[in-house]
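Taking the working numbering, the leading residue of the sequence shown gets 49, the next gets one more, and so forth.
Each residue gets a CB set at the ideal place from its N, CA and C atoms; glycine is no exception.
Step one of this worksheet: look at the structure below.
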Amino acid sequence: MKSKFSVLINLLVLQYLAVLCVSQDFDFFYLVQQWPGSYCDSDKSSCCYPTTGKPAADFGIHGLWPNYNDGSYPQNCDPDNPFNESEISDLLTSMKKNWPTLACPSSSGETFWSHEWDKHGTCSESVLDQHSYFETTLSLKQQTSLLQSLKSAGINPDGSFYSLEEIKDAIKQGTGYTPWIECNEDSSGNSQLYQVYLCVDTSGSNLIECPVFPKGGKCGSQIEFPTF
């Protein structure tokens, strides 16, 4: 009897550990937002406005990406749970405004959102189901208010140049957390403000200081904030 009881206890412990592992299968999120002016100014041939028209001159969501503390990340975690637009039908108006696609050819955004869910979102589904993943990301975008933070510091998207520290300090002042800034280059070789990374805890609820920053996308000494 004791032997069977011990086996049962062991099985229950293993089940608990399995659930615990599933709920802790990544360490944090990157919330990545993109300046559309820099996307389009880098290679105009690859910039197409959505079928709904030109997006607002504001940072748009690129994605919410699960990551590990060592700098690596999981991807394409559940091919059996593909993107289903009907699950976010109540979010579509906000998605088109805040998470627009600029890829060519022009589209409504479904392909972009599908890619983000399939590659990144499925790796967080132990915490966020499909609807929660997109709803949470939209909420985080509103919470961070990047453009307002920059404008409040006198950093405007009018083609002017700023230092990396000026940009980082403005965003930290506005959000409370240190961002990582990714730059690309315009056709003249100028470094421009392209993407802003902030880190979020595994619940998707709270901004945190980044355990590790990405590599690549380095910025020059002066960074252009192009118009859009």
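Fill in: Reference D138, options S93, C267 and S180, closest by Cα
S180
Fill in: Proximity of Q81 and Q243 at Cβ, strictly below 9 Å
yes
Worksheet entry | Helix, strand or coil at G108 [DSSP, three-state] | strand
Discussion item. If distances are taken between C-alpha atoms only, which option among E133, D177, K144 and T99 comes closest to G252?
Written reply: Checking every option, the nearest Cα to that of G252 belongs to D177.
Practice prompt. Compare the C-alpha of G237 against each of K263, S269, K145 and P227 and name the closest.
Written response: S269
Discussion item. Measuring alpha carbon to alpha carbon, tell me which residue in T149, F276 and W161 is nearest T284.
Written reply: Only positions 49 to 276 of the chain appear in this structure, which leaves residue 284 out of reach.
Item to complete: Tell whether a beta-carbon distance below 9 Å holds between L194 and F77.
Response: no
Discussion item. What does DSSP give as the partner residue(s) for L239 in the beta ladder?
Written reply: A small correction: the amino acid at residue 239 is Ser; Leu does not occupy that position in the sequence shown. In DSSP, S239 forms a bridge with E233.
Worksheet item: Per DSSP, which one or two residues make a beta bridge with I271?
Response: According to DSSP, I271 bridges with Y210.
Worksheet item: Hey, S188 and L140: beta-carbon distance below 9 Å or not?
Response: A small fix is needed here, since residue 188 is Leu in this sequence, not Ser. Against a cut-off of 9 Å, the Cβ pair of L140 and L188 comes out as no contact.
Discussion item. If the criterion is Cβ atoms closer than 9 Å, does the pair G224 and A201 meet it?
Written reply: no
Worksheet item: With C-beta atoms as the reference, is G85 less than 9 Å away from Q190?
Response: no
Practice prompt. Would you mind stating whether P274 and P205 have Cβ atoms separated by less than 9 Å?
Written response: yes
Practice prompt. Would you tell me roughly how many angstroms separate the C-alpha atoms of E164 and L255, rounded to the nearest one?
Written response: 20 Å
Worksheet item: In its own chain, which residues sit with a C-beta less than 6 Å from the C-beta of H168, not counting the 5 before and 5 after it?
Response: G111 and W113
Practice prompt. Identify every residue that forms a DSSP beta bridge with P84.
Written response: DSSP lists no partner for P84.
Worksheet item: Buried or exposed: P130, going by 16 or more other Cβ atoms within 10 Å of its Cβ?
Response: exposed
Worksheet item: Going by beta carbon distance, what residues of the same chain come within less than 7 Å of I203, once the five residues before and after it are set aside?
Response: Y210, E214, I215, A218 and F273
Discussion item. Please give me, in chain order, every unbroken run of the alpha helix (DSSP H) with length at least 4 that falls completely inside the region 128 to 213.
Written reply: 140 to 146, 158 to 167, 178 to 192 and 194 to 200
Discussion item. I'd like the list of long-range same chain contacts for D126, defined as Cβ closer than 7 Å, with 5 residues on each side in sequence excluded.
Written reply: These residues qualify, in order along the chain: T170 and E173.
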